[in-house]
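Here's the structure, in structure tokens; my notes come after.
Residue numbers (our numbering): 1411 to 1613.
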């Protein structure tokens, strides 16, 4: 006997993937920024590369897909794009850089310029999320601008400053991630993330 059940299926909500995506972004950003800042004098400077694929890349991309599940268009766009950024940067470092070392600075300049353009409108829209997320995008904007200028100009000092600002970006992302974890666990505000900086009219 076949039973036709037309009742709507209720799907349990997914946990908030933003703390995971932010943690993946923070760690990978920290590793690359520490190298740019000149801190890894006794290391290869490529500690970020594997994590660009596995953590900043794949895990952020997954977080973006889960944000689609949660109908969060801002989170899905941000995490999926920066997951793709890390995977793409890793592929460039492995496949392109070894055969075009002389053009590496300009390659990176164009990559970072393109992502700075994307980040600019996400920075504007982050004002509608909360102050902590806005801080992540604001410091990331400064990082990308400094790095694309430094790479286009072949100026290691500007790149180094970009590395320092990138470390600040990672710290902002780690804080926002930790706030999402503990606030989600407790069901109340333990670590504040601040209110949206501004509200825009819309649908």
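Don't be surprised by glycine CBs; every beta carbon is placed ideally from N, CA and C.
For the options 1434, 1424, 1425, the alpha carbon positioned closest to that of residue 1587 is the one of 1434. The DSSP-derived three-state label of residue 1449 is coil. Contact between the segment 1594-1603 and the segment 1436-1449 is not established, with fewer than three Cβ pairs separated by less than 8 Å. When rounded, the separation of the alpha-carbon atoms in residue 1535 and residue 1492 is 16 Å. Nearest to residue 1472 by C-alpha distance, out of 1490, 1461, 1457, 1456, is 1490.
For residue 1527, the secondary structure class from DSSP, reduced to helix, strand or coil, is helix.
Contact between residue 1438 and residue 1461 holds, since their C-beta atoms are separated by about 5 Å, short of 8 Å. Collapsing the DSSP output to three states places residue 1470 in a helix. Excluding its 5 nearest sequence neighbours in each direction, residue 1478 has C-beta neighbours in its own chain below 7 Å: 1486, listed in chain order.
Closest in alpha carbon position to residue 1464, among 1498, 1548, 1528, 1551, is 1498. Residue 1583 and residue 1592 have their alpha carbons spaced roughly 14 Å apart.
With at least 16 other beta carbons inside 10 angstroms of its own, residue 1546 counts as buried. Cβ neighbours of residue 1580 within its own chain (closer than 7 Å, five residues either side excluded): 1436, 1439, 1440, 1443. Pairing residue 1519 with residue 1561 gives a Cβ-Cβ distance under 7 Å.
Ranked by Cα distance from residue 1480, the options 1427, 1598, 1555 are led by 1427. Secondary structure note for residue 1486: its alpha helix (DSSP H) is the uninterrupted segment 1483-1501. If you compare the alpha carbons of 1503, 1532, 1553 with that of residue 1577, the shortest gap goes to 1553. Assignment of residue 1605 by DSSP, reduced to helix, strand and coil, places it in the coil class.
Comparing C-alpha distances from residue 1590 to each of 1568, 1527, 1542 shows the shortest one belongs to 1542. Taking residue 1494 as the centre and dropping the five residues before and after it, the same chain places the C-beta of 1467, 1471 closer than 8 Å to its C-beta, in chain order.
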